[in-house]
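Engineer: Let me begin by handing over the structure; questions about it come next.
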Amino acid sequence: MIPKIPLENLKLSKIVCGTNQFVAITHRLNYFDILKHKRFYNDIHVVAKFITHLAVNYGINCIVSSPRQKIYDAIKMTENETGEKIHWICTPSIRKTVKELECDIFKQIDWCAEHDVSVCMPHRIYTDLVLDKETLKIGGTEINQLSRGKSISKIIAMGLHIYDRQVPKEKIKEMWSISYSDIAAHIRDGRMIPGLSTHYIESILAVEKHNYDAPLIIQPLNLKGYQSNVDPKRLVQVIKDTNLQILNIKPMAAGRLKPHPAFEFCLNNIKISDFMSFGFGTSFDYMVEDIKIIQDILVRQEKNR
271 MIPKIPLENL KLSKIVCGTN QFVAITHRLN YFDILKHKRF YNDIHVVAKF ITHLAVNYGI
331 NCIVSSPRQK IYDAIKMTEN ETGEKIHWIC TPSIRKTVKE LECDIFKQID WCAEHDVSVC
391 MPHRIYTDLV LDKETLKIGG TEINQLSRGK SISKIIAMGL HIYDRQVPKE KIKEMWSISY
451 SDIAAHIRDG RMIPGLSTHY IESILAVEKH NYDAPLIIQP LNLKGYQSNV DPKRLVQVIK
511 DTNLQILNIK PMAAGRLKPH PAFEFCLNNI KISDFMSFGF GTSFDYMVED IKIIQDILVR
571 QEKNR
């Protein structure tokens, strides 16, 4: 079974079930691939089948995604089937990932609390857009002070281009004034553990410098440096040096690396207390193959310790 790692009062499986394929996100410009995922995983029972297999056979009790009704329903279906708690790491933002949700991060945090989320981590649409890499402050600053000579319209356009064009421009502008400290306090009020989803190495340094309440931080780590803003060697060093717990995402660089070397690299370079997330939804057969590779690596590591 996959080992459990403490995160405050929780015990989460070291391997976390990723969900991009379940919601038709592939990070590849293949529209047929996206359509295939959208049609195949349109049935919640199919999604629950994957999660249940991982829970029953490997003890994986944790899943990560943005707020999604489909994921919530699949989690509840799995819990009913297994009788075990599936912990949800959820990444709210100002995107409309649930139809009835408003483009308001505080209301999305409330949605998370109402849907039994265990760990609530603002999506990188917040973190990476409002992070000041000079002061290492996360939010709580007027947009005019952050523009650094760029026009406000260009900054807002950048946010829309990088993240989600359905987000109103004024909502992106508002995010700069929201301090992460206020967000973390709101998450704690909802009886969830706070954290940050980010693709920037500076976010780790920011949490350490300003003592932000973020015991868990999402970071993309892989051999290619895919979707990270720094060389993998530098990121590995920061991950090993920090006392913060890291959730390593995109170990296979969204399908650009072979499973064995990809998993070996990540699991050998994160701490014992860290986690790795992987999207198991390519196919059921691949899921079985991939989790066996991961388990073999973890067993070998334990023997060599």
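Using my numbering, you'd call the opening residue of the sequence shown number 271 and step up by one each time.
Note that the Cβ used here is the ideal one computed from N, Cα and C, for glycine as well.
Keep in mind that this is a model prediction, so the values were computed, not measured.
#1: So what does Ser547 bridge to, in DSSP terms?
#2: Counting C-beta neighbours from all protein chains within 10 Å, is the total for Thr405 16 or more, i.e. buried, or is it exposed?
#3: Could you check the C-alpha separation between Leu517 and Glu440 for me, to the nearest Å?
#4: For the pair the segment 340 to 350 and the segment 447 to 466, tell me if three or more CB-CB distances fall below 8 angstroms.
#5: So, do the segment 366 to 379 and the segment 310 to 329 have three or more beta carbon pairs nearer to each other than 8 angstroms?
#6: With a 10 Å radius around its C-beta and 16 neighbouring C-beta atoms as the bar for buried, classify Met462 as buried or exposed.
#7: Under DSSP, the beta strand (DSSP E) around Asn312 begins and ends at which residues?
#8: Need the endpoints of the alpha helix (DSSP H) that Lys573 sits in, please.
#9: Using C-beta distances below 6 angstroms, list every residue in its chain close to Ala523, excluding the 5 sequence neighbours before and after it, in chain order.
#10: Consult DSSP for Asp343 and reduce its assignment to one of helix, strand or coil.
#11: Would you check if the segment 548 to 556 and the segment 283 to 296 touch, i.e. whether three or more CB-CB distances between them fall below 8 angstroms?
#12: Could you tell me which residues DSSP puts in a beta bridge with His357?
#13: When burial is assigned at 16 or more other CB atoms within 10 Å of the CB, is Met633 buried or exposed?
#14: State the Cα-Cα distance for the pair Ser336 and Thr361, rounded to the nearest angstrom.
#15: Leaving out five residues before and five after Val500 in sequence, what residues of the same chain have Cβ atoms less than 7 angstroms from its Cβ?
#16: For Glu351, tell me which candidate among Leu324, Pro490, Ser363, Lys369 has the shortest Cα-Cα distance.
#17: How is the alpha helix (DSSP H) around Pro531 delimited, first residue to last?
#18: Excluding the five sequence neighbours on either side, which residues of its own chain have a C-beta within less than 7 angstroms of the C-beta of Tyr328, listed in chain order?
#19: Measure the CB-CB distance between Leu527 and Ile567 and report whether it falls below 7 angstroms.
#20: Alpha carbon to alpha carbon, how far is Ile364 from Ile395?
#21: Could you tell me if Pro521 is buried or exposed, where buried requires 16 or more neighbouring beta carbons within 10 angstroms of its beta carbon?
#22: Enumerate in chain order the residues of its own chain whose CB-to-CB distance from Val387 is below 6 angstroms, with the five nearest sequence positions on each side excluded.
#23: Buried or exposed: Gly419, going by 16 or more other Cβ atoms within 10 Å of its Cβ?
#24: Provide the residue(s) that pair with Lys407 in DSSP beta bridges, ordered along the chain.
#25: Ser283 and Ile356 - do their beta-carbons sit closer together than 7 angstroms?
#26: To the nearest angstrom, how far is the alpha carbon of Asn481 from that of Asp555?
Structural biologist: For this structure:
#1: DSSP links Ser547 through a beta bridge to Val286.
#2: Counting the other Cβ atoms within 10 Å of the Cβ of Thr405 gives fewer than 16, which makes it exposed.
#3: Roughly 31 angstroms separates the two Cα atoms.
#4: With the cut-off at 8 angstroms, the segment 340 to 350 and the segment 447 to 466 do not touch.
#5: Counting C-beta pairs closer than 8 angstroms gives fewer than three between the segment 366 to 379 and the segment 310 to 329, which falls short of the contact rule.
#6: Flag for Met462 reads buried.
#7: Per DSSP, Asn312 belongs to no beta strand (DSSP E) and is neither H nor E.
#8: Unbroken alpha helix (DSSP H) run through Lys573: 554 to 574.
#9: Here the set comprises Asn492, Lys494, Tyr496.
#10: Of the three classes helix, strand and coil, the one that applies to Asp343 here is helix, per DSSP.
#11: Flag = yes, the segment 283 to 296 and the segment 548 to 556 touch.
#12: For His357, the beta-bridge partners assigned by DSSP are Cys332.
#13: Given a span of 271 to 575 for the chain in the structure shown, any question on residue 633 remains unanswerable.
#14: C-alpha separation (whole angstroms): 4 angstroms.
#15: Within the same chain, Cβ atoms closer than 7 angstroms to the Cβ of Val500 are found at Ile471, the five residues on either side in sequence being excluded.
#16: The shortest Cα separation from Glu351 among Leu324, Pro490, Ser363, Lys369 belongs to Leu324.
#17: Pro531: member of the alpha helix (DSSP H) spanning 529 to 539, first to last residue.
#18: Around Tyr328: Met271, Ile272, Ile561, Gln565.
#19: When the beta-carbon positions are compared, Leu527 and Ile567 stay at least 7 angstroms from each other.
#20: Ile364 and Ile395: Cα-Cα distance of roughly 8 angstroms.
#21: It is buried - the Cβ of Pro521 has at least 16 other Cβ atoms within 10 Å.
#22: For Val387, where only same-chain residues beyond five positions count, the Cβ hits under 6 angstroms are Trp358, Cys360, Met462.
#23: Any reading at Gly419 needs caution, since the residue's pLDDT is 48, under 50, leaving its predicted position unreliable; the model's value is listed next. Flag for Gly419 reads exposed.
#24: Paired residue(s): Asp402.
#25: Using a Cβ distance threshold of 7 angstroms, Ile356 and Ser283 do not count as a contacting pair.
#26: Each residue's Cα considered, the two are about 43 angstroms apart.
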